[in-house]
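Undergrad:
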Amino acid sequence: MIEEKMLLLLRQGKISKWFSGMGQEAISVGTALAMDKEEFILPMHRNLGIFTGRDIPFSRLFAQFQGKLSGFTKGRDRSFHFGASDYNIVGMISHLGPQMGVADGIALGNLLKKNKKVTAVFTGDGGASEGDFHESINVAAVWDLPVIFIIENNHWGLSTPSSEQFRCKQFIDKAIGYGIEGVQVDGNNILEVYDTVSSLREKIQKKNQPVILECMTFRMRGHEEASGTKYYPPGIQDEWAKQDPVSNYETFLLDQGLLDEHKIADYKKQIKADIDDGLKIAFDEPVIKPDTTIEYNDLFKKQEINIKPASGKTTNLRLIDAISAGLRQAMQKHNNLILMGQDIAEYGGVFKATEGFVTEFGKERVRNTPLCESAIIGTGLGLSINGFKSMVEMQFADFVTCGFNQIVNNLAKSHWRWGQNADVVVRMPTGAGVAAGPFHSQSNEAWFFHVPGLKIVYPAFPADAKGLLAAAIEDPNPVMFFEHKALYRSISGDVPDDYYTTEIGKANLVRSGNDVSIITYGFGVHWAIEALDKMPSIKADLLDLRTLLPFDREAILETVKKTGKVIILHEDTLIGGIGAELSAFINEHCFEYLDAPVVRSASLDTPVPFTSELEWNFLPKARFEKQLNELVNY
Ligand SMILES: Cc1ncc(C[n+]2csc(CCOP(=O)(O)OP(=O)(O)O)c2C)c(N)n1
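So the sequence shown is numbered by this note's numbering: it starts at 2 and just counts up by one.
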């Protein structure tokens, strides 16, 4: 009845989009009823029954569809793209597959809490072609996660039939490959769905394990209203109509004498009244008045972090040791912090940042992962939803490409979309100068710099690295934490022994002088120091940004106003690099103070080459001194 009403509203232009679940209702409703209300369900775009099954007030649901404030996303996302924490529902992002990695994280949280809760996550047969499907089921299988992966096999993905989507006969066959159980049911029979989900739940509660549940069904109205159903072969809808889950169940209940025409009429009357009431509330609510301050404020969960070291004691540490020490203290401080990454357990990580951690913290908290970057970053979000913190180590920053979607679309947007913070730090061993070629040397911080909702930290010194890592882990928001591989063992410095945080968003003036401002970060800071040591006549302000997002506007303005000449130095390539944004910012805000054009010193606009000769030609270090000299003499 809700669907019928929504279709009407859609035709009247009062809601924007509708993915009809007609023909598939039994799967959502059966699952919602079989799961405990305390257990998480992660539905897809066709699963209205999950939301109604969890008794979300119709008025809120309708307000969400209309983009009103009392919905779930303050008008920022549409239809079923929302989570509802109070109802233990995590809605999808448009990309479909990432849901499954998030389910892994929630399930991992339950596994660690030993609370016997099961998680149910949905995918369609089309979405099951995505890499996320494979990665998340693989991770769940290896980690014995208590998840029911529900595949609604309606034989079509938008207009594409199964024959053009996959070659396997049925999805339960895939379960064999993952070494897990697969069960198939008639998804149009609510009792079969309910009984199966109930018994799978009980089984999983006895022994943690994931299961694939394949529900055979059909989408009666096609993908969504605007795309029509012309691609369906003639007669197919009539055939499936005979198996309609709602009318068949109604007939069954009538036959059993559990329902009669009067009761049906009463139910319908009541439901119609509830729908009308809900709609009236939603329609009466005024449209949202945009407030830019609120839009910005909701990007991040607020939390003040400022912890000073308890004593003045310090030890001289290399960058890698400072990172390791910071991580160890964070593990000691936060019992709910989980580390995940390839080879980080007994092996200690390829750079040995987590050496010895398994002995101290155990394998539950220091987790070797399969090569599944996307599912693991999704797991980080799921852990956050379940009250945990996590650190995900990319083996090399380059491999973040395989987890990119989860970072930029899930971690970065979830707080702004529906108020769910992503308490995840992604550690990124980055950079060139180690003759490792184009796939182990990239500087890719700029890829994330353009994504609202992320923080980017990039320390250049051991003491900053320890304090910033602690701050990143304290921070309830997603932080990309860059660590330069070439600096791991080549630089050292005095680092406070105690636990402390260094403020995210604050630059550090490493050297002070009136001739010129050098604004840089990471390896660039050390190149600049080397150049200034070589050219003592140049008196420069050397500003180490330390945080790239949000960058320290005040510190930049202050140094530019002081010297009137600026060179921005970064290891990343020139075009579209962070220097471009900083240069634009300086031009917009300090034009009257400038005595020369803002100069950028960056790598060549090519991939990172392998041999040292080519690599040092690629990097800006060799060109920087000349550019600096020219600027000073401008
Ligand atoms: C990564 C990605 N690629 C493409 C799309 C566009 N798209 C949205 S739904 C859909 C088909 C999904 O099919 P299926 O998972 O079987 O679900 P169904 O709509 O049949 O219920 C496509 C191609 C998308 N949302 N995300």
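Where a beta carbon is used, it is the ideal one built from N, C-alpha and C, also for glycine.
#1: Distance, Cα to Cα, T380 vs V359?
#2: Would H451 be called buried (16 or more neighbouring beta carbons within 10 Å of its own) or exposed?
#3: Please confirm whether G363 has its beta-carbon closer than 8 Å to some beta-carbon of chain C.
#4: Using the DSSP secondary-structure output, state which residues sit across from M481 in a beta bridge.
#5: For Q628, which of helix, strand or coil comes out of DSSP?
#6: Could you pull the start and end residues of the beta strand (DSSP E) that E365 belongs to?
#7: With 16 as the cutoff for other CB atoms within 10 Å, does I42 come out buried or exposed?
#8: Shorter than 7 Å, the distance from the beta carbon of N410 to the closest heavy atom of ligand 1, or not?
#9: Label S228 either buried or exposed according to how many other C-beta atoms from any shown protein chain fall within 10 Å of its C-beta, with 16 as the threshold for buried.
#10: Which residues in the same chain have their Cβ closer than 7 Å to the Cβ of F63, if we skip the five residues on either side of it in sequence?
#11: Taking only three categories from DSSP, how would you classify S163?
#12: Please determine, among E374, N337, A331, I377, the residue with the shortest C-alpha to C-alpha distance to T355.
#13: Can you tell me the Cβ-Cβ gap for K486 and L550, rounded? I've got them flagged as a contact below 8 Å.
#14: Do S164 and ligand 1 come close, with the Cβ less than 7 Å from some heavy atom?
#15: Touching or not, the stretch 537-547 and the stretch 511-518, by the rule of three or more beta carbon pairs under 8 Å?
#16: Using a threshold of 7 Å, is the CB atom of D37 nearer than that to any non-hydrogen atom of ligand 1?
#17: Tell me whether T124 counts as near ligand 1, meaning its Cβ is closer than 7 Å to at least one heavy atom of that ligand.
#18: Would you be able to state if there are at least three C-beta pairs under 8 Å between the stretch 121-129 and the stretch 43-59?
#19: What does the Cβ neighbour count give for T612, buried or exposed, with the cut at 16 atoms within 10 Å?
#20: Please tell me whether, using a cut-off of 7 Å, the distance from the CB of E215 to the nearest non-hydrogen atom of ligand 1 is below it.
#21: Does the beta-carbon of R47, which I'm using as the reference point, lie nearer than 7 Å to any heavy atom of ligand 1?
#22: Could you please give the first and the last residue of the uninterrupted alpha helix (DSSP H) stretch that includes L146?
#23: Mind checking whether the beta-carbon of R220 lies closer than 7 Å to any heavy atom of ligand 1?
#24: Spell out the partners DSSP gives D542 in its beta bridges.
#25: What residues in its chain sit with their C-beta under 7 Å from that of Q166, if we drop five residues either side in the sequence?
#26: Given a cut-off of 8 Å, decide if Y501 and A461 are closer than it, judged by their beta-carbon atoms.
#27: Whose CA, out of K303, P234, E593, D495, lies closest to the CA of N478?
#28: Between L214, K114, I191, Y459, which lies nearest to L201 when the distance is taken from Cα to Cα?
#29: Inspect the beta-carbon positions of A473 and V426 and report whether they are closer than 8 Å.
#30: Do E153 and G188 have their C-beta atoms closer together than 8 Å?
#31: Could you tell me whether any non-hydrogen atom of ligand 1 is closer than 7 Å to the CB of E153?
#32: Under the rule that 16 or more other beta-carbon atoms within 10 Å means buried, what is Q13, buried or exposed?
#33: Apply the 10 Å Cβ neighbour rule to Q333 and answer buried if 16 or more other Cβ atoms are within range, or exposed otherwise.
#34: How about E4: is its Cβ closer than 7 Å to a heavy atom in ligand 1?
#35: Given a threshold of 16 other Cβ atoms within 10 Å of its Cβ, counted over all protein chains shown, does Y232 qualify as buried or as exposed?
#36: From the DSSP secondary-structure annotation, give me the bridge partner or partners of L550.
TA: By the coordinates alone:
#1: Their Cα atoms are separated by approximately 20 Å.
#2: Under this definition H451 is an exposed residue.
#3: In summary, chain C is missing from the structure at hand, where a single protein chain is found.
#4: V427, I457, per the DSSP bridge assignment.
#5: It is helical.
#6: Taken as a continuous stretch (DSSP letters only), E365 belongs to no beta strand (DSSP E), as it is neither H nor E.
#7: I42 comes out buried.
#8: Answer for N410: no, Cβ out of range of ligand 1.
#9: S228 should be labelled exposed.
#10: The beta carbon of F63 lies closer than 7 Å to those of G279, L280, A283 in the same chain, with the five residues before and after it left out.
#11: Note: S163 maps to helix in three-state DSSP.
#12: Of the listed residues, the one whose Cα sits closest to T355 is A331.
#13: Between K486 and L550, the beta carbon gap of about 21 Å keeps them out of contact (Cβ cut-off 8 Å).
#14: With a cut-off of 7 Å, the C-beta of S164 is classified as distant from ligand 1, since no heavy atom of the ligand falls inside that distance.
#15: Result yes; three or more Cβ-Cβ pairs closer than 8 Å.
#16: Judged by the Cβ position, D37 fails to qualify as a neighbour of ligand 1 at the 7 Å threshold, every heavy atom of the ligand being at least this far.
#17: For ligand 1, at least one heavy atom lies less than 7 Å from the Cβ of T124.
#18: Touching, yes.
#19: With fewer than 16 other Cβ atoms within 10 Å, it is exposed.
#20: Not under cutoff, so the answer is no.
#21: The answer is yes for R47.
#22: Looking at the DSSP string, L146 is not in any alpha helix (DSSP H), and its letter there is neither H nor E.
#23: Taking the Cβ of R220 as the reference point, at least one heavy atom of ligand 1 falls within a distance shorter than 7 Å.
#24: Beta-bridge pairing by DSSP links D542 to S518.
#25: Cβ neighbours of Q166 beyond the five flanking positions: D126, G127, S130, G158.
#26: No, they are not a contact pair.
#27: Of the candidates K303, P234, E593, D495, the one whose C-alpha sits nearest the C-alpha of N478 is K303.
#28: The option with the nearest alpha carbon to L201 is L214.
#29: Yes, Cβ-Cβ distance for A473 and V426 is below 8 Å.
#30: Against a cut-off of 8 Å, the Cβ pair of G188 and E153 comes out as a contact.
#31: At least one heavy atom of ligand 1 falls within 7 Å of the beta-carbon of E153.
#32: With fewer than 16 Cβ atoms within 10 Å of its Cβ, Q13 is classed as exposed.
#33: Label assigned to Q333: exposed.
#34: Exclusion of E4 from the 7 Å shell around ligand 1 follows from its C-beta lying no nearer than that to any non-hydrogen atom of the ligand.
#35: Classification of Y232: exposed, given that the 10 Å Cβ count is below 16.
#36: DSSP lists I457 as partners of L550.
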